[in-house]
Amino acid sequence: MSDTQDKQHGHVVETTKRKRSVKHKLTWLYDHVRNEWQIYLMLLPTVVWMILFLYKPMYGLQIAFKDYSIFRGVAASPWVGWEHFQTLFDNDQFIRAIGNTIKISALNLIFGFPAPIILALMFNEVLHAVYKRTAQTIVYLPHFISTVIIAGIVTTAFSPTAGVVNTIMGWFGLDSIYFLTRPEWFRPIFVGTGIWQEAGFGSIVFLAAIAGVNPSLYESAVVDGASRWQMMWKITIPSILPTIIIMLIIRIGNIMEVSFELIILLYQPATWSTADVVNTFVYRQGLQSGQYDVAAAAGLFNAVVAFVLVMTANTLSRRYSRTSLW
Amino acid sequence: MAMNMNLYSRGDKIFAIAVSILIGLFTVATLYPFIYIAAVSFSGGFAAAAGKVVLTPIDTTLAAYKYVLSQPKFWMSYLNTFIYTIGGTITSLLIIIPGAYALSRPQLIGRRFWNLFVAFTLWFNAGLIPFFLNMRDLNLLDSYIGIIIGFAVNAFNLILLRNFFESLPQSFEEAARMDGANDFQILWKVYIPLSKPAIATITLFCIVSRWNGFFWAMVLLQSEEKIPLQVFLRHTIAFLSDDQEFTATLSTQPYSVESVTGAIIVCSIIPVLIVYPFIQKYFEKGILLGGVKE
């Protein structure tokens, strides 16, 4: 009997305690909100915006597993499981788009990644300050020019009759080529345009790293009679290696992100075989042909692969440098 | 590394000169496409269409500019770009500045969660189709508001500013709190004045991305009177050569598809060139502020 009573008693005590602590917490929360409501009010627009424009579309991603109809809407459309993914992986165009995405990214990595590093190393060797400054101002500029303008310039310059590229080729007796209809020319033009637009701006990060190198290293090298060439290889490059590796990891993490806006502006059916990437495929299937569910599935595939890559990259860079990217 | 010239050996000098020449070549190569397109825009129609223009205008004429500037659609799209740029940038700042301040507050309950909530959008994106369908569900297709609000917040800018706020010394804020200032007053009178470089950086990032933005404007806007300059340019490049009204004038007018395209490109680059010196002051520091964080 007394045992039960004890238990009951204990139970009552515990409940009161919990009640008291809940009450305590509520009072604390009430005071906190009363004192600090302003910061929550300030956070509110950001949170509402993100839910409305970024998280709600994530909820809408379920159409990748549904037979989506505009009239039924996202929630009421019937589930179809992995059907759209099956359709996609049976579709040669989709497989080709994955291949093209990886190939274009690989080319960007091989040619586009070293370009800003080489540029930064060269800027570091230029002695004339005004010359250096002027050159920097100019090479940063294309980064701020819109994709449409870039595409307009490329289209005009590579045009078969009006373009300067064919004009110059004509001086050397070469036959005119309609570059933008030739699949084998698409990737070189696209990757080259990317280097022209981003190499200069990309060099800023490496120049900052070079500026952070301890000057005493160079001073003692000068005493030892080292040449600038030797100093570049023995001091500058090893010192900025951590930055190079972090930037490389970021690049690999973003391999699924090919600048598809430029591709949409430059490609045409004749060059789809080398130019069509996952995002341009999604654009055509979904926004141009209205097959929203299949296109959303393709986009989801891309986003999941990209997410895994970015997360891996972030972990690697954290481990490598104890520096998290965000 | 201010090093004395006489510390350089002869080999070093040759190396420095070779590098300077290579830099010069790259700079010229960067500049050339702009010079080329400007030369095309000032050239006569036949010369431009026949590929005669290489460096300087041939049969110099302003005909392409006269044509472009006489198009009501051009002016309308120019005005629209200003509306999207100014409206969009102000909206972005109104949301991002208070948001970044709140996220930087240590007393914010669930601060880790909210920061993750923001950062997650950098890593995972629902993609084109769900975003488009969402805009349609929200009734924001073909509307100014859709373009202005729908792209207002960018997690990268938000995190950049939050990091900057977090790095500010606490002492100013404590002094203001002693005087009885609330959070809005502290943000307005302490944080914003101390954060001018960071705010200038994100403002300029917003302006540039708004001025250049084209993809979603092309997808979301159907009415011709709402399209921005970049979409107008895109229409010109893609469809002008098929426009019979336009091609009928080619035999009598000294312009061509190429020179008209060039003229629109020059007109839309000019504002960028005007703000560029101001941007340059900030972006070199700006990208380093945001990217890699200890």
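These protein sequences, in sequence, are chains A and B.
Position one of the first sequence corresponds to residue 42 (the working numbering), numbered consecutively onward.
Position one of the second sequence corresponds to residue 2 (the working numbering), numbered consecutively onward.
Quick reminder that beta carbons are idealized off the backbone N, C-alpha and C, glycines included.
Open item on the list: So, at 8 Å on beta carbons, what are the nonlocal neighbours of K294/B in its own chain, with the 5 sequence-adjacent residues on each side left out?
Closed with: A caution first: K294/B carries a pLDDT of 38, below 50, which makes its placement in the model unreliable, though a value can still be read off. Hits under 8 Å: N164.
TODO: Pick out the complete alpha helix (DSSP H) segments inside the region 148-185 of chain B, 4 residues or longer, and give them in chain order.
DONE: 156-168 and 171-179
Open item on the list: When you compare the CB positions of P372/A and T312/A, do they come within less than 8 Å of one another, or not?
Closed with: With chain A represented from 42 up to 367, any question about residue 372/A goes unanswered, as that position is not in the structure.
Task: Distance between I305/A and V20/B (C-alpha atoms, nearest Å) - done: 37 Å
Task: Residues, ordered as in the chain, of the region 169-197 of chain B that lie near chain A by beta-carbon distance below 7 Å - done: N183, D184 and F185
Task: When T356/A, V318/A, R359/A and L357/A are compared against N343/A, the one with the closest alpha-carbon - done: V318/A
Open item on the list: Cβ closer than 8 Å: which chain B residues qualify as neighbours of F164/A?
Closed with: I24
Task: Delimiting residues of the alpha helix (DSSP H) encompassing A138/A - done: D133 to L148
Open item on the list: Let me see if you follow: with CB-CB separation under 8 Å, is T312/A close to chain B or not?
Closed with: no
Task: Minimum Cβ-Cβ distance from P86/A to chain B less than 8 Å - done: yes
Task: the region 127-155 of chain A: positions lying closer than 8 Å to chain B by Cβ - done: none
Open item on the list: Could you check whether T31/B and W237/A sit closer than 8 Å to each other, using their CB atoms as the reference points?
Closed with: yes
- [ ] State buried or exposed for V345/A, treating a residue as buried only when at least 16 other CB atoms are found within 10 Å of its CB.
- [x] exposed
Open item on the list: Looking at chain A, is there any beta carbon in it that lies within less than 8 Å of the beta carbon of L70/B?
Closed with: no
Open item on the list: Distance cutoff 8 Å, beta carbons only. Does R269/A sit that close to anything in chain C?
Closed with: As a matter of chain content, chain C is missing from the structure shown, whose protein chains are A and B.
Task: Contacts of Y37/B in chain A (Cβ-Cβ under 9 Å) - done: I194, T197, A198 and V205
Open item on the list: Taking 8 Å as the limit between beta carbons, can you name the residues of its chain near M136/B, skipping five residues before and five after?
Closed with: L142, G147, G151 and L221
TODO: Using the Cα positions of R292/A and N140/B, report the straight-line distance between them to the nearest angstrom.
DONE: 37 Å
- [ ] Compare the Cα-Cα distances from A105/A to each of T92/B, V258/B, I130/B and T122/B and report the closest residue.
- [x] I130/B
Open item on the list: To be precise: take each residue of the region 222-254 of chain B, compare its Cβ to all Cβ atoms of chain A, and keep it if any distance is under 7 Å. Which residues remain?
Closed with: Q231, L234, R235 and I238
Open item on the list: Against chain A, with Cβ distances strictly below 8 Å, would A17/B count as a contact?
Closed with: yes
Open item on the list: Taking 8 Å as the threshold (C-beta atoms), are L161/B and I203/B in contact?
Closed with: yes
- [ ] Could you tell me the distance, in whole angstroms, from the CA atom of V190/B to the CA atom of F118/B?
- [x] Per the sequence shown, residue 190/B should be read as Lys rather than Val. K190/B and F118/B: Cα-Cα distance of roughly 28 Å.
Open item on the list: So for K107/A, helix, strand or coil by DSSP?
Closed with: strand
Open item on the list: My output table needs one value for Y120/A: the three-state DSSP class, helix, strand or coil.
Closed with: The amino acid at residue 120/A is misidentified as Tyr; the sequence shows Trp. Three-state result, W120/A: strand.
Task: N- and C-terminal bounds of the alpha helix (DSSP H) containing Y102/B - done: P73 to S105
Task: chain A within 8 Å of D143/B, Cβ atoms only - done: no
Open item on the list: Are the CB atoms of L23/B and I36/B within a distance shorter than 8 Å?
Closed with: no
- [ ] Answer with buried or exposed for Q329/A, where buried requires no fewer than 16 other C-beta atoms within 10 angstroms of its C-beta.
- [x] exposed
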